[in-house]
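Undergrad:
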């Protein structure tokens with residue numbers, strides 16, 4: 004199986020082997036597939052039928068109706084959203100552990116003795132109904148319908164509202180998404196009807212935003228009356244990109260714009276932030292007193308880790324996110340010990356000294372977008388020389404590239420006096436049923 008969750012089948016003829024890529028099949032399955040595309044190094048095929056299922060993978064022969072861990076979605080095999088639904092969850096976790104391992108072997112350029120053994124993937128407490136944001140989309144009505152009046156409109160079945168088909172053009176009509184929260188699925192029914200009722204108002208296709216939110220606390224917490232984590236609140240679905248969303252992570256309350264980034268699986272955020280905290284403060288290592296939260300968004304790591312530090316500084320290029328991070332510090336009674344700075348992360352390091360931050364007593368958390376870190380950021384991170392750097396990434400391949408450069412460059416600059424070591428690596432399953440894995444790398448400063 005590839006790291007993207009597709010299966011590879013090797014076809015051999017006259018002593019030569021040829022790879023065929025087949026989505027939605029899994030190692031050990033016997034399948035019927037139809038090749039639709041030849042490439043320079045492989046061919047691509049559609050899965051037409053599974054003739055028998057891998058006993059090693061699924062724990063028994065037979066069809067998926069006899070397998071309790073078969074696909075939990077009626078659209079599996081057509082929708083491009085999930086790849087691993089038929090795979091037992093323990094093997095999904097093992098696959099993601101292997102994905103992290105392969106990424107560092109292929110993209111870090113580090114020798115094997117400088118890459119630690121990949122730790123087991125931390126599971127998601129929820130494997131279904133966990134996703135707090137979905138973005139189904141649709142195409143505009145055909146011109147004949149838009150311009151033909153009532154008769155073509157009445158005879159048209161209406162737009163497909165859903166997600167891209169796997170390997171094929173067009174939108175697959177989706178009535179429900181089992182990995183989305185129940186609140187979002189209920190709202191999806193309403194939004195699908197709204198789109199169908201107003202389809203002629205769209206000249207081109209569009210995307211529907213559905214975001215799970217706590218009902219806004221009333222009154223909102225403030226410095227004198229911080230958020231009470233014992234409060235229970237109902238959930239609603241938000242569809243306006245600019246509307247404020249509320250989310251709770253452990254004892255902390257967060258707010259952010261519905262259209263802005265925030266992790267989409269709330270159930271695993273407490274284990275993730277607790278793991279980062281434990282990685283920063285292992286036994287026998289001098290503890291940092293200051294935290295720099297780079298690419299901080301609305302302050303997830305800076306706020307959840309704030310109780311362990313004297314001071315916290317968050318850095319983010321989006322002014323809107325910085326405004327929410329500042330507000331979130333207020334909601335949780337943390338304004339006195341947090342500072343939120345707007346600008347490119349690499350442009351902020353020089354000013355941190357003015358805020359009382361020095362690498363010699365600081366830890367840096369790095370949580371960049373999929374493209375990874377910019378080179379100037381990595382250069383200045385090395386100049387800052389923090390005690391510990393924890394790199395959290397939704398793209399383990401760019402993380403491996405960045406970490407590999409950082410470790411190798413630290414050895415050059417340290418000239419035998421100091422360096423950074425890659426202390427630990429492990430994945431977190433923020434997206435069960437898919438091939439995606441969130442990876443956490445811990446880098447430690449070592450004085451030689």
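Numbering (our numbering), first residue to last: 4 to 451.
Built from N, CA and C at the ideal position, the CB exists for glycine as well.
1) Using the Cα positions of residue 435 and residue 140, report the straight-line distance between them to the nearest angstrom.
2) Is residue 211 helix, strand or coil by DSSP?
3) Three or more C-beta pairs under 8 Å: does that hold for the stretch 299-319 against the stretch 156-167?
4) Below 8 Å, how does it come out for the stretch 175-195 and the stretch 103-110: are there three or more Cβ pairs, yes or no?
5) Is DSSP giving residue 158 helix, strand or coil here?
6) In the stretch 242-301, which residue ranges form an unbroken beta strand (DSSP E) of at least 3 residues, counting only runs that do not cross its ends?
7) Going by beta carbon distance, what residues of the same chain come within less than 8 Å of residue 354, once the five residues before and after it are set aside?
8) With distances taken between CB atoms, is the gap from residue 164 to residue 211 smaller than 8 Å?
9) Quick test of the definition: if touching needs 3 or more C-beta pairs under 8 Å, does the stretch 420-430 touch the stretch 246-265?
10) Tell me the DSSP secondary structure of residue 94 in three-state form.
11) By alpha-carbon positions, which one of 337, 303, 330 and 301 ends up nearest to residue 456?
12) Could you give the distance in angstroms between the alpha-carbon of residue 453 and the alpha-carbon of residue 196?
13) Tell me which residue opens and which closes the alpha helix (DSSP H) that residue 417 is part of.
14) Tell me which residues share the same chain as residue 19 and place their Cβ nearer than 6 Å to its Cβ, disregarding the 5 neighbours each side in the sequence.
15) Where in the stretch 110-152 do unbroken runs of the beta strand (DSSP E), each at least 3 residues long, occur, reported from the N-terminal end onward?
16) Looking at residue 393: is its Cβ nearer than 8 Å to the Cβ of residue 440?
17) Quick check: what's the CA-CA separation for residue 331 versus residue 256?
18) Report the option in 247, 270 and 269 whose CA atom is closest to the CA atom of residue 259.
19) Tell me the rounded alpha-carbon separation between residue 219 and residue 36.
20) Would you decide whether residue 3 is buried or exposed? Buried here means 16 or more other CB atoms lie within 10 Å of its CB.
21) Cβ of residue 10 within 8 Å of Cβ of residue 30?
22) Could you give the DSSP three-state label for residue 432: helix, strand or coil?
23) Determine the direct distance from the alpha carbon of residue 239 to that of residue 454, and round the result to whole angstroms.
24) Would you report the Cα separation of residue 186 and residue 137, rounded to the nearest angstrom?
25) Which one of 283, 346, 365 and 167 has the shortest CA to CA distance from residue 388?
26) With DSSP as the reference, identify every bridge partner of residue 238, one or two as the case may be.
27) Quick check on residue 65: does DSSP put it in helix, strand or coil?
28) Could you give the distance in angstroms between the alpha-carbon of residue 199 and the alpha-carbon of residue 135?
29) Just reading off the beta strand (DSSP E) that residue 166 is part of, what are its end residues?
30) Short of 6 Å in beta carbon distance, which residues of its chain neighbour residue 352, apart from the five on each side in sequence? Order them along the chain.
31) When you compare only the Cα positions, how much space is there between residue 181 and residue 236?
32) Between residue 279 and residue 299, how many whole angstroms is the CB-CB distance? I'm expecting something under 8 Å.
33) What residue range is occupied by the uninterrupted beta strand (DSSP E) comprising residue 448?
34) Enumerate in chain order the residues of its own chain whose CB-to-CB distance from residue 83 is below 7 Å, with the five nearest sequence positions on each side excluded.
35) Using a Cβ-Cβ cut-off of 8 Å (strictly less than) and excluding sequence neighbours within five positions of residue 145, which residues of its own chain qualify?
TA: The answer reads as follows:
1) Roughly 22 Å between the two C-alpha positions.
2) The answer is coil: DSSP assigns residue 211 none of H, G, I, E or B.
3) Verdict: no, contact absent.
4) Touching, no, given that fewer than three Cβ pairs across the two stretches are closer than 8 Å.
5) Helix at residue 158.
6) Here the runs fully enclosed are 247-252, 255-260 and 293-297.
7) Excluding sequence neighbours, residue 354 sits near 344.
8) In this structure, residue 211 lies closer than 8 Å to residue 164 by Cβ.
9) With fewer than three CB-CB distances shorter than 8 Å, the stretch 420-430 does not count as touching the stretch 246-265.
10) Residue 94 falls in the helix class under three-state DSSP.
11) Here the chain has residues from 4 to 451 only, and residue 456 is not among them.
12) For the chain, the structure presents residues 4 to 451; residue 453 sits outside this window and is missing.
13) Residue range 399-417 is occupied by the alpha helix (DSSP H) that includes residue 417.
14) The beta carbon of residue 19 is closer than 6 Å to none in its chain, skipping five residues each way along the sequence.
15) Unbroken beta strand (DSSP E) runs of no fewer than 3 residues, entirely contained in the stretch 110-152, are found at 122-125, following chain order.
16) Going by beta carbons, residue 393 and residue 440 fall outside the 8 Å limit.
17) Cα to Cα, residue 331 sits roughly 7 Å from residue 256.
18) Nearest option by C-alpha distance: 247.
19) Cα-Cα distance, rounded: 50 Å.
20) Given that the chain is displayed from residue 4 to residue 451, the structure contains no residue 3 and the question cannot be resolved.
21) In this structure, residue 10 places its C-beta atom within 8 Å of the C-beta atom of residue 30.
22) Looking at residue 432 - three-state DSSP - the assignment turns out to be coil, as it is neither helix nor strand.
23) Absent from the model: residue 454. The displayed extent of the chain is 4 to 451, so no value can be given.
24) Here the C-alpha atom of residue 186 lies approximately 11 Å from the C-alpha atom of residue 137.
25) Closest option to residue 388, Cα to Cα, is 365.
26) The partner list for residue 238 (beta bridge, DSSP) reads 217.
27) Low per-residue confidence applies at residue 65: pLDDT is 37, beneath 50, and the placement is therefore not dependable, though the value from the model is reported in the following sentence. Residue 65: coil per DSSP, three-state reduction.
28) In a straight line, the C-alpha of residue 199 is about 24 Å away from that of residue 135.
29) Note, residue 166: beta strand (DSSP E), 165-167.
30) Within the same chain, residue 352 has close Cβ partners 383 and 387.
31) Roughly 23 Å between the two C-alpha positions.
32) Going by Cβ atoms, the distance from residue 279 to residue 299 rounds to 13 Å, so no, they are not a contact pair.
33) Run containing residue 448: 441-450, per the beta strand (DSSP E) assignment.
34) The residues 166, 167, 168 and 169, in chain order, have a CB closer than 7 Å to that of residue 83 in the same chain once the five nearest residues on each side in sequence are set aside.
35) Counting only residues of its own chain and dropping the five nearest sequence neighbours on each side, residue 145 has a CB closer than 8 Å to the CB of 159.
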